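The opening position of the sequence shown corresponds to residue 1 in the UniProt record's numbering, with each subsequent residue numbered one higher.
Beta carbons: idealized from backbone N, C-alpha and C, even for Gly.
Remember, predicted model here, so these are calculated numbers, not experimental data.
Beneath this line is the structure, given in structure tokens, with notes to follow.
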Amino acid sequence: MLCQVGRFIGSSSSRMDVKIRLFREPPIYTAANEVSGHVILTTATQVVISAVSIWLSRVSTSRLHSLRVVETHQRQLPQATQCSMSAGTSPASQQRDSTSTGGKTHLLRKLPPSTGASSSPEEIKYILEASIRRNGIIRGCKKTARDICIYPVPTLASSLNNSQAIQTETQRIACRSSAGPKRVWAPTAYEVTAKLLNGPFLVLGRPVPLAVELTGLDSSTDTAPRSRGSVSIPVSLHEFQTMLIETTEVQARGIEETQTQFRIVQTMANLRHPLSSRSDVASNNVNGDTAPVFRSELPAPSGLSYPIVANPVL
Numbered sequence: 001m002l003c004q005v006g007r008f009i010g011s012s013s014s015r016m017d018v019k020i021r022l023f024r025e026p027p028i029y030t031a032a033n034e035v036s037g038h039v040i041l042t043t044a045t046q047v048v049i050s051a052v053s054i055w056l057s058r059v060s061t062s063r064l065h066s067l068r069v070v071e072t073h074q075r076q077l078p079q080a081t082q083c084s085m086s087a088g089t090s091p092a093s094q095q096r097d098s099t100s101t102g103g104k105t106h107l108l109r110k111l112p113p114s115t116g117a118s119s120s121p122e123e124i125k126y127i128l129e130a131s132i133r134r135n136g137i138i139r140g141c142k143k144t145a146r147d148i149c150i151y152p153v154p155t156l157a158s159s160l161n162n163s164q165a166i167q168t169e170t171q172r173i174a175c176r177s178s179a180g181p182k183r184v185w186a187p188t189a190y191e192v193t194a195k196l197l198n199g200p201f202l203v204l205g206r207p208v209p210l211a212v213e214l215t216g217l218d219s220s221t222d223t224a225p226r227s228r229g230s231v232s233i234p235v236s237l238h239e240f241q242t243m244l245i246e247t248t249e250v251q252a253r254g255i256e257e258t259q260t261q262f263r264i265v266q267t268m269a270n271l272r273h274p275l276s277s278r279s280d281v282a283s284n285n286v287n288g289d290t291a292p293v294f295r296s297e298l299p300a301p302s303g304l305s306y307p308i309v310a311n312p313v314l
């Protein structure tokens, strides 16, 4: 008799399935979103449900050589309970919906972003867990979990200095006269400045607000802007590359380790984008609003903040 009861319990348990269905797919959220969805319980027989619990867990892992430090935080989410019959199933199949309710209060307001992976020195991941407890003759608890990603939306300061140059590079261009191939003009120097229009703030998954400024320099000093009547040679941007440099510092049990990764966001060649076509213009700006070449977006798997290195080539 005990063997028969054991087989009956195992068979009943195997026919019960719990899934989390989120309203947002893929499950990528920011601090301005709320996590909402359904917890779907499918059973072959009728069951008595005593409790449904939804938990949001954050697991932070720091790895250094053979050492590992893990920190876990959990928070139970509020829920609205509503039972309904799933369409196209037998009357014994039931759904129990659990959606987040918080009005204008967002649960993800102060959470750090998801970052890293199982092989990286640092990792922060979020897990949404659901458990359904049943009563009756056969008691038990069925659990399921889903990984979700959380990314921040930084607040840009109103006093941000938009003229902050990330990198400045000076190029010397030898311009030739159209009168003859042997007539060479004096060497002309230009200063190329790459700028982030929002300073050090970047938003993952959105275009990088990058501008390139070209300033002609006096050929005698190479320091002062060129005066009117200078060489009327059009200047074009031929190549452009944007790169992210990620530096991670890990501290575990008194040991510190630093790792640097390079991510190329965009590389363009043979652009021939005109920067200036008038000889009386000393400088010309090309930003992300007028030049689609600079509209590349930050990759979603990246971390919280990065320095930007832009290498424009004339």
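Margin query: The beta strand (DSSP E) that contains E129, what's its start and end?
Written below: E122 to N135
Which class does P274 belong to by DSSP, given the choice of helix, strand or coil?
-> strand
_Can you give me the C-alpha to C-alpha distance between T30 and A117, rounded to a whole angstrom?_
19 Å
Quiz item: First and last residue of the beta strand (DSSP E) that includes V39?
Solution: G37 to T42
| task | Identify which residue in P121, V39 and V48 has its Cα closest to the Cα of R63. | result | P121
Item to check | Of the residues W55, C141, E246 and I40, the one placed nearest T260, counting alpha carbons only | outcome: E246
By Cβ distance below 8 Å, which residues in the same chain neighbour H65 in space, the five residues on each side in sequence not counted? I255 and E257
Exercise. Which word fits T193, buried or exposed, when buried means at least 16 other C-beta atoms lie within 10 angstroms of its C-beta?
Worked result: buried
If we ignore side chains and look at the alpha-carbon of each, how far apart do V231 and R272 end up?
Any reading at V231 must be qualified, since the residue scores a pLDDT of 43, below 50, and its modelled position is unreliable; no value is offered.
Identify which residue in V52, F23, Y126 and D17 has its Cα closest to the Cα of E71.
Y126
_Can you tell me which residues form a DSSP beta bridge with H65?_
DSSP, once it has assigned bridges, lists no residue as partnering H65.
Going by C-alpha to C-alpha distance, which of E25, M243 and I148 sits closest to F262?
M243
Thinking C-beta only, is I49 closer than 9 Å to R139?
no
| request: Would you check if the distance between the CB atom of I124 and the CB atom of V69 is smaller than 9 Å? | output: no
(Q) Let me make sure I understand the geometry here. Which of N270, V265 and V18 has the alpha-carbon closest to that of C141? (A) V18
Check: Going by the C-beta, is I150 closer than 8 Å to any heavy atom of the ligand ZN?
Finding: Ligands in the displayed structure: none, and consequently the ligand ZN is not present.
Legend entry - CA-to-CA distance, T61 to S119, given in whole angstroms: 11 Å
Specify the secondary structure class of E257 as computed by DSSP and reduced to three states. strand
field: Whole-Å CB distance - I54 paired with L77, under 8 Å assumed
entry: 4 Å
query: Are the CB atoms of P27 and L128 nearer to each other than 9 Å?
result: yes
*Taking the alpha-carbon positions, what's the D147 to F23 distance?*
14 Å
* If you drop the 5 nearest sequence neighbours on each side, which residues of the same chain put their C-beta closer than 6 Å to that of S131? -> S53, C141 and K143
For this session: Along the beta strand (DSSP E) that carries V18, what are the first and last residues, could you check?
Result: D17 to L22
request  = Check the C-beta distance from S114 over to I150 and give it rounded, since I have them as a contact under 8 Å.
outcome  = 5 Å
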